[in-house]
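A quick write-up on the structure given underneath.
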Amino acid sequence: MRRLVAPLVGIAWLVACGAPADVPAGDRPQRIISLVPATTEMLFAIGAGPDVVGVGSFDRHPPEIESIPRVGALVDPDVERIFALRPDLVVVYGSQDDLISRLSRAGIPRYDYEHAGLADITDTIRSLGARVGRAGEAGRLASDIEREIEDIRSAVEDRPRPRTALIFGRDAGSLRGLFASGGVGFLHDMLVAAGGDDAFADVRRQSVQISVETLLARAPEVIMEVHPDEGWTPEVIARDLALWQTVPGLPAVRDGRVHILADYRLLVPGPRVADAIRLMAATLHPDAFRTPAAEPAATTAR
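Just so it is clear: in the sequence shown, position 32 is 36 by my numbering, and no numbers are missing.
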């Protein structure tokens, strides 16, 4: 089974389409369900965690969610359980047509999301914060994230930008079934902010399925794989890095610049996105980021 297909189904590459102004205190939702990992993190980060009564199958952060009922995700929402939790707001993916229709018929308020890029993450935080009556907290969090990202951009702006293939999925134990970031979407935007040039920037899609032959033609100077934490032990990372040694014609392999980053922050466009960009930047430009917190959680192929 391809790694990351399930996690990425559960990840919200999203922007909110909600109210721009804070709701009155009396109208603030008190029983919120979030099926989106990114928005679940946002709700807790702006102080609305105590109001969350249901979360999605792929949610992993913060630790407090472990005691909260799971209600499915993008392709498998548990509608009966959602209704049983008596929500007064359900955060859904904009593509969940059946769930949206059933919530509408039941008169349950919802908050819809669509795919978006890096800049939309803080827009989402502000919009979601306003919808749940926490506009002030959300605004401060969003501004802090934007400042952190600008600090990273400034730290790498005068450095060479290596041509980088950002890979987020492939068949287990092989170099087949590769999926890379295309030239749009939050992964692409994160890579650019971190000081890399996307090897597939000309492909105007969020993801593109590629082969080793495609990589050889693109000749990336860096290959950066991003994966969730689960299952990526040092032994697994070392084994998978060794796979790349079978393609010595790749500049990234020849120069020892293949990296596997096993960190869930890299895959969730939520309030920890600045940390994720810093991790990417530290991998691409280690001389610019020497703090222990910025050290990549990865091994480099040599």
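The beta-carbon is built from N, C-alpha and C at its ideal position, and this holds for glycine as well.
- If you ignore the 5 residues before and after Asp279, its C-beta comes within less than 7 Å of the C-beta of Arg269, all in its own chain and listed in chain order.
- Comparing alpha-carbon positions, the option among Ala184, Pro224, Val230, Leu93 lying closest to Arg209 turns out to be Ala184.
- A distance of 7 Å or more separates the beta carbons of Leu219 and Leu191.
- Note on geometry: alpha-carbon atoms of Glu161 and Gly199 lie some 7 Å from one another.
- The bridge partners DSSP lists for Ala169 are Ile227.
- Secondary-structure assignment with DSSP links Gln213 through a beta bridge to Phe183.
- The C-alpha of Val216 lies about 13 Å from the C-alpha of Pro255.
- Within the DSSP secondary-structure output, Ile37 pairs in a beta bridge with Gly58, Val94.
- Comparing C-alpha distances from Arg144 to each of Gly76, Ile86, Pro275 shows the shortest one belongs to Pro275.
- Secondary structure of Arg114 (DSSP, three-state): strand.
- Burial check for Gly76: the Cβ neighbour count within 10 Å reaches 16 or more, so the residue is buried.
- Counting only runs of 3 or more residues that sit fully inside the stretch 122 to 154, no beta strand (DSSP E) segment turns up.
- In the DSSP annotation of this structure, the continuous segment of the alpha helix (DSSP H) that includes Phe190 starts and ends at 190 to 197.
- Cβ-Cβ distances below 7 Å link Arg32 to Val136, Gly137 in the same chain, with the five nearest sequence neighbours on each side left out; the list follows chain order.
- Around the beta carbon of Val79, fewer than 16 other beta carbons lie within 10 angstroms, which makes this residue exposed.
- With a 10 Å radius around the Cβ and a threshold of 16 neighbouring Cβ atoms, Ser158 comes out exposed.
- Under the three-pair Cβ rule at 8 Å, the stretch 79 to 96 counts as touching the stretch 114 to 127.
- By the criterion of at least three beta-carbon pairs nearer than 8 Å, the stretch 33 to 52 is in contact with the stretch 83 to 91.
- With a beta-carbon spacing of about 5 Å, Ile281 and Ala197 fall inside the 8 Å limit used to define contacts.
- Counted as a single uninterrupted DSSP element, the alpha helix (DSSP H) harbouring Ile86 occupies residues 83 to 88.
- Within the same chain, and ignoring the five residues on either side of Arg258 in sequence, the residues whose Cβ sits closer than 8 Å to its Cβ are Pro252.
- Here Ala52 has Ile36, Val136, Arg138 as same chain residues with Cβ atoms under 7 Å from its own Cβ, once five neighbours each way along the sequence are excluded.
- The DSSP-derived three-state label of Asp244 is helix.
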